[in-house]
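Here the structure comes first, spelled out in structure tokens, and everything after it is commentary.
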Amino acid sequence: MKVIVCVDDGNGMLFNKRRQSQDRVLRDDVQKMTAGQKLWMNAYSARQFQEGSQTGENVTGVSETAALIVTEDFLRQAGENDFCFVENEKLLPYSDRITEVVVYRWNRSYPGDFHLDLDLKQWRLVQTTEFAGYSHEKITKEIYRK
């Protein structure tokens, strides 16, 4: 499976059980990248996509870009080529199933108490892209493969 995460400069993902940040341009990029494929997530993340949806479609249906599937055990259910948007789950227990990691970097330091638990030094960086977000001057997108 392919996982998508958002991290700060210290690989932080959450602070006090809340996401550090969000950006609608980033969500649009995720939806374009996953177009025509399954995008799995839990209810916590689905609220972000539902609130930020440009299409107005229900997150449990098929939008113009991706089939969003919401379930709490999404990391167990996702198929080999499916995408998973991960904000508040540990990935190390699923590392043998993960073939690609898409990292969006906020390029800022936020307080964090929940961090990405994969060591990306063991992965191969295959692509780096920078773009301006809606609320972030620069977001860096990195794609890693085993």
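With numbering that gives the first Met the number 0, the residue at position 146 of the sequence shown is 145, and numbering never jumps. We put the CB at the ideal spot given by N, CA and C, even for glycine.
- Residues GLU86 and ASN87 of the same chain have their beta carbon placed closer than 7 Å to that of TYR43, with the five preceding and five following residues left out of the count.
- By the criterion of a C-beta distance shorter than 6 Å, ASN10 is surrounded in its chain by HIS114 and LEU115, once the five residues flanking it on both sides are discounted.
- If the five residues before and after VAL125 are omitted, its C-beta is found closer than 6 Å to the C-beta atoms of ILE142 and ARG144, all from its own chain and listed in chain order.
- The straight-line gap separating the alpha-carbon atoms of PRO110 and PHE14 is approximately 6 Å.
- For MET32, the enclosing alpha helix (DSSP H) begins and ends at 23-32.
- Non-local C-beta neighbours of PHE73 in its own chain, meaning closer than 7 Å and more than five positions away in sequence, comprise TRP39, MET40, ASN41 and CYS83, ordered along the chain.
- The stretch 96-112 makes contact with the stretch 131-141, as at least three CB pairs between them are under 8 Å.
- In the structure shown, the three-state DSSP call for GLN121 is helix.
- If you check the CB distance, ILE68 and MET0 do not come in under 8 Å.
- In this chain, the beta strand (DSSP E) harbouring LEU13 covers 11-14.
- For PHE48, the number of other beta carbons within 10 angstroms of its own is at least 16, and it is reported as buried.
- The beta carbon of THR139 sits closer than 7 Å to the beta carbons of ARG104, ASN106, THR127 and GLU129 from its chain, once the five residues preceding and following it are set aside; these are given in chain order.
- Take CYS5, set aside five residues on each side of it, and the residues of its chain with a beta-carbon closer than 6 Å to its own are TYR103, in chain order.
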